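Novice: Taken in order, these protein sequences are the chains called A and B.
To convert, note that position 131 of the first sequence is 131 in my numbering; the numbers rise steadily by one, no gaps.
To convert, note that position 243 of the second sequence is 1243 in my numbering; the numbers rise steadily by one, no gaps.
The beta-carbon is built from N, C-alpha and C at its ideal position, and this holds for glycine as well.
Computed from a predicted model, the values in this text were never measured in an experiment.
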Amino acid sequence: MSSPLARFDPRRRAALTAVADLLIPSGDGMPSASEAGVAGRWLDEVLRLRPDFGHPLAAVLDGLKGADPAAALERLRSADPAGFGVLAEVVAGGYFLNPKVRAAINYPGQQSVAIVTEQPPDYEQDGLIASVIGRGPIYRPTPGRKRDR
Amino acid sequence: MLIVGAGASGAVAAKRLAEEGFDVVCLEQGGWPDYKKARAPFPDYELTSGRDWAWDPNARNVPADYPVDDSESDITALMWNGVGGGTVVFAAHWQRNMPSDFQVRSLDGIADDWPFTYEDLEPYYVRAERDWGVSGLAGDTAFPGGEGPPMPPVPLGRMGRRVARAHNDLGWHWWPGPNAIATQKYGRLNPCTQRATCLWGCSEGAKASVDRTYWPVAVERGVTLVTGARVKRLMMGPDGLVTGALYVDRDGQEHVQEAAVTILACNGIGTPRLLLLSATNVQPEGLGNSSGLLGKRLMMHPFGTVVGLFDDDLDSWQGAWGQHIHSLEFYETDTSRGFVRGAKWGLQPTGGPLSMTHSYPWGEENAIWGPGFHQQLRKRLGRSAMWGIIAEDLPEESNRVVLDPVKKDNSGIPAARIQYRMSENSRRLMAFHQDRAKESLEAAGAYETVIAPFIRATGWHLLGTAMMGSDPSRSVVDAWGRVHDVPNLYIFDGSTWPTSAGMNPTATIAAVALRGVDHLIAERRNARTPS
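1) Can the beta-carbon of residue 1095 (chain B) be found less than 9 Å from the beta-carbon of residue 1117 (chain B)?
2) State the Cα-Cα distance for the pair residue 1349 (chain B) and residue 1516 (chain B), rounded to the nearest angstrom.
3) Measure the Cβ-Cβ separation of residue 1067 (chain B) and residue 1081 (chain B) and say whether it is below 9 Å.
4) Please list the segments of the beta strand (DSSP E) lying wholly inside the region 1367-1442 of chain B, counting only runs of 3 or more residues, in order along the chain.
5) Assess, as a yes-or-no matter, whether the region 1190-1201 of chain B is touched by the region 1020-1040 of chain B under the definition of 3 or more beta carbon pairs within less than 8 Å.
6) Taking the straight line between their C-alpha atoms, what separation do you get for residue 74 (chain A) and residue 1376 (chain B)?
7) Return the CA-CA distance between residue 1141 (chain B) and residue 1107 (chain B), expressed in angstroms with no decimal places.
8) Determine whether the Cβ of residue 1202 (chain B) lies closer than 9 Å to any Cβ atom of chain A.
9) Less than 9 Å separating the beta-carbons of residue 1493 (chain B) and residue 1005 (chain B)?
10) Give the straight-line distance between the Cα atoms of residue 107 (chain A) and residue 1381 (chain B), rounded to the nearest whole angstrom.
11) Less than 9 Å between CB atoms is the rule here; does residue 1359 (chain B) satisfy it with respect to chain A?
12) Measure from the alpha carbon of residue 1256 (chain B) to the alpha carbon of each residue in B:1388, B:1266, B:1186, B:1226, then state which is nearest.
13) Check each candidate in B:1178, B:1109, B:1136, B:1133 and name the one with the smallest Cα separation from residue 143 (chain A).
14) For residue 75 (chain A), decide whether its Cβ has a neighbour in chain B, counting only Cβ atoms nearer than 9 Å.
15) Taking 9 Å as the CB-CB cut-off, is residue 1503 (chain B) touching chain A?
16) State the beta-bridge partners of residue 1308 (chain B) as determined by DSSP.
17) Is the Cβ of residue 1512 (chain B) closer than 9 Å to any Cβ of chain A?
18) Out of curiosity, what's the CA-to-CA distance linking residue 1 (chain A) and residue 1408 (chain B)?
19) Can you name, in chain order, every residue of its own chain whose Cβ lies under 7 Å from the Cβ of residue 1426 (chain B), other than the five neighbours on each side?
20) Verify whether the separation of the beta carbon atoms of residue 1262 (chain B) and residue 1467 (chain B) is less than 9 Å.
21) Kindly list, in the order they appear in chain B, the residues whose Cβ is closer than 8 Å to that of residue 88 (chain A).
22) According to DSSP, is residue 1 (chain A) helix, strand or coil?
23) Does the region 1477-1487 of chain B come within contact of the region 124-138 of chain A, defined as at least 3 CB pairs closer than 8 Å?
24) Specify whether the region 1311-1324 of chain B and the region 1142-1158 of chain B touch according to this definition: at least 3 beta carbon pairs, one from each stretch, less than 8 Å apart.
25) Report yes if the C-beta distance between residue 1212 (chain B) and residue 1084 (chain B) is below 9 Å; otherwise report no.
26) If we ignore side chains and look at the alpha-carbon of each, how far apart do residue 1079 (chain B) and residue 1032 (chain B) end up?
27) Show which residues of chain A have a CB atom less than 7 Å away from the CB atom of residue 1155 (chain B).
28) What does DSSP give as the partner residue(s) for residue 1303 (chain B) in the beta ladder?
29) Assign residue 1169 (chain B) to buried or exposed, taking buried as 16 or more other Cβ atoms, counted over all protein chains shown, within 10 Å of its Cβ.
30) So, does the CB of residue 17 (chain A) fall closer than 9 Å to a CB anywhere in chain B?
31) Check the C-beta distance from residue 1548 (chain B) over to residue 1157 (chain B) and give it rounded, since I have them as a contact under 8 Å.
32) Within the same chain, show all residues whose beta-carbon is closer than 8 Å to that of residue 1333 (chain B), passing over the 5 residues directly before and after it, in chain order.
33) What are the boundary residues of the alpha helix (DSSP H) that residue 78 (chain A) is part of?
34) Spatial neighbours of residue 1087 (chain B) within its chain, please: CB distance less than 7 Å, with the 5 preceding and 5 following residues excluded, ordered by chain position.
35) Got a sec, what are the start and stop residues for the alpha helix (DSSP H) residue 45 (chain A) sits in?
36) Which one of A:30, A:54, A:88, A:52 has the shortest CA to CA distance from residue 18 (chain A)?
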């Protein structure tokens, strides 16, 4: 069985470039999808991480061949939402793997942030929890029992 | 003692029985979770989480899974078949049920009361919270007083503080979120590092999934945990008692595990499936099914999400996920709303950049693609918060689990099929709660809100298919989880719930299992066992 990468010859990569830039165009100081490398280096990386995307992505790109990319993309979206979902995940997934893109959107990844217990705790500050307590209990007690507060 | 299933209730039973010196074997069809695949610290985390930690067994499709045909269901059943069960991928919202949840017939005139009260279960909640490692704050005004969890709550965070203030202005309930997440070093758990990746395998060892908390202790105490062991059927003796189980290993070899007592802990689909598979000439409609209720009354909690967009940076890809705060303001029945029962809300992070592009929760009508992509991304990433809404669905006999007449798992055992339709009560309840959650976020300063579209893949909670009760003609198990028709067979998972409450169910599954296993131990001398 061929590796997922082997399926993506220059023709398929060109087809991906055409539709990827419709999904993520350049603007607001940000590169387009193809400028960020989603049909090149980052496609390779996405397929290494998600080889399960290889077959469906190839099928989607082959279905776009020869058509006007914008019209083909719209058709795909309405006729094959699952195929569109794979295409979108590959494009956006590759885009956000690019460290320059991550830096530009100020996203450092899921950071390790130790829990620091403030004194007083955050829920006590500015009378936050006191306000809830002041409103009293809101539950219905078990029949035959009284609210205990 | 034989336990089938190494999820929450199986773990609680195994550890407790081992503490009392019983000889315990647990058969689990999956393996141990591989936390090397928990990629939270790495750039590929969002891309790979759906590959290795998918919740839908039909999508994940690993050998440990069995197919669940959901073509006749409004909701897809989600589960994790392996050591730890659903706790491996649960959000760890640790919600006790409220007193009214046990008295729905008495208070609201619908469905059925549970055969015990909140007060009966309260000591077991307290014990379970210490055993699991739960964080939170005592004194929640939505519950009777009493002891709270052993660790302080996760931080409210910027979004939690904002919404808490808004609820105070509205006069609505909120409380720091109770979570099965360690906020300090606690036994085998590390303190949470707020990476907000709890649902895709906790890379930090901070989430109290039972593969990390209970099972290592149970195994150290002598429990034999057999992984890759798929039970084909339970075996019955001539005296009407269960004698153990026939199971298949990973190589397809069949084995018999005998036991004096058998406990099922396979979730609300796996348990009725196994009992239906175990039908005999004497019990041809499935073991324990003289009431005809086995597999019926499936409840899965319709789920809603409402997102708010804020001007401020809320750090909303970080934090426990988990819930920062919860609200039970609209939990209790108010018939003027046009429905009965209610829902719990949990305030949660919204994820990293890839999550901002998904159709859930953002909706196809708000699709991010095209010229507005970068602007939309800036609006959403780090500046959004969402309420997750757990809606109580009522038990209906037409919502059920049956054996699939066609599909089989990879051991050749008939698959499960679920038939589930969302009721009008559920639809009205959800619409009301979504509207109130929108108001909550607007009051907190959201300049825009999104009510997420309904999607099917939200059936995390599988409940009700082997109902407990005191009348054997109207229930499958008694108040202690013992099957009425088979006195040495017990069910400790969420199958036994008479009604679903509107809460994440793990806290109550754990407490009910603990109560049941304590009773089993206390009554052991009087129990009938196979000759």
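Specialist: To lay it out plainly:
1) The answer is no: Cβ separation not under 9 Å.
2) Distance between the alpha carbons of residue 1349 (chain B) and residue 1516 (chain B) is about 36 Å.
3) 9 Å or more divides the Cβ of residue 1067 (chain B) from the Cβ of residue 1081 (chain B).
4) Counting only unbroken stretches of 3 or more residues, the beta strand (DSSP E) elements lying wholly within the region 1367-1442 of chain B are 1384-1391, 1400-1408, 1414-1420, in sequence order.
5) Contact holds: three or more Cβ-Cβ distances are below 8 Å.
6) Their Cα atoms are separated by approximately 20 Å.
7) Straight-line spacing of the CA atoms in residue 1141 (chain B) and residue 1107 (chain B) works out to 19 Å.
8) No, residue 1202 (chain B) lies away from the interface with chain A (no Cβ there is under 9 Å from its Cβ).
9) Yes, these two residues count as a Cβ contact at 9 Å.
10) Their backbone Cα atoms lie some 9 Å apart in a straight line.
11) It does; some Cβ of chain A falls within 9 Å.
12) The shortest C-alpha to C-alpha distance from residue 1256 (chain B) to any of B:1388, B:1266, B:1186, B:1226 is the one to B:1226.
13) Residue B:1109 is the option with its Cα nearest to residue 143 (chain A).
14) Cβ-Cβ to chain B under 9 Å: no for residue 75 (chain A).
15) Answer no: the Cβ-Cβ gap between residue 1503 (chain B) and chain A never drops below 9 Å.
16) Answer by DSSP bridge pairing, in chain order: B:1385, B:1449.
17) No, no contact with chain A.
18) With a pLDDT of 47 at residue 1 (chain A), under the threshold of 50, the modelled position of this residue cannot be trusted; read the value that follows with caution. Roughly 27 Å between the two C-alpha positions.
19) Excluding its 5 nearest sequence neighbours in each direction, residue 1426 (chain B) has C-beta neighbours in its own chain below 7 Å: 1302, 1391, 1393, listed in chain order.
20) In this structure, residue 1467 (chain B) does not lie closer than 9 Å to residue 1262 (chain B) by Cβ.
21) Those are 1357, 1369, listed as they occur along chain B.
22) Residue placement at residue 1 (chain A) is flagged as unreliable, the pLDDT there being 47, under the threshold of 50; the coordinate-derived value follows with that caveat. Residue 1 (chain A) carries a coil assignment under DSSP once its states are collapsed to helix, strand and coil.
23) With the cut-off at 8 Å, the region 1477-1487 of chain B and the region 124-138 of chain A do not touch.
24) Counting Cβ pairs under 8 Å, three or more are found: they touch.
25) Yes; because the gap between Cβ atoms is below 9 Å, this pair is in contact.
26) Residue 1079 (chain B) and residue 1032 (chain B) have their C-alpha atoms roughly 15 Å apart.
27) Chain A residues near residue 1155 (chain B): 115, 122.
28) Within the DSSP secondary-structure output, residue 1303 (chain B) pairs in a beta bridge with B:1390.
29) It counts as exposed.
30) At a cut-off of 9 Å between beta carbons, residue 17 (chain A) makes no contact with chain B.
31) Because chain B is modelled from 1001 through 1531, residue 1548 (chain B) falls outside the range shown and cannot be assessed.
32) The residues are 1100, 1107, 1108, 1340, 1341, 1342.
33) Its alpha helix (DSSP H) spans residues 69-79.
34) Spatial neighbours of residue 1087 (chain B) in its own chain (CB-CB distance under 7 Å, excluding positions within 5 residues in sequence) are listed in chain order as 1007, 1008, 1209, 1210, 1506.
35) From DSSP, the alpha helix (DSSP H) with residue 45 (chain A) extends over 41-49.
36) The shortest C-alpha to C-alpha distance from residue 18 (chain A) to any of A:30, A:54, A:88, A:52 is the one to A:88.
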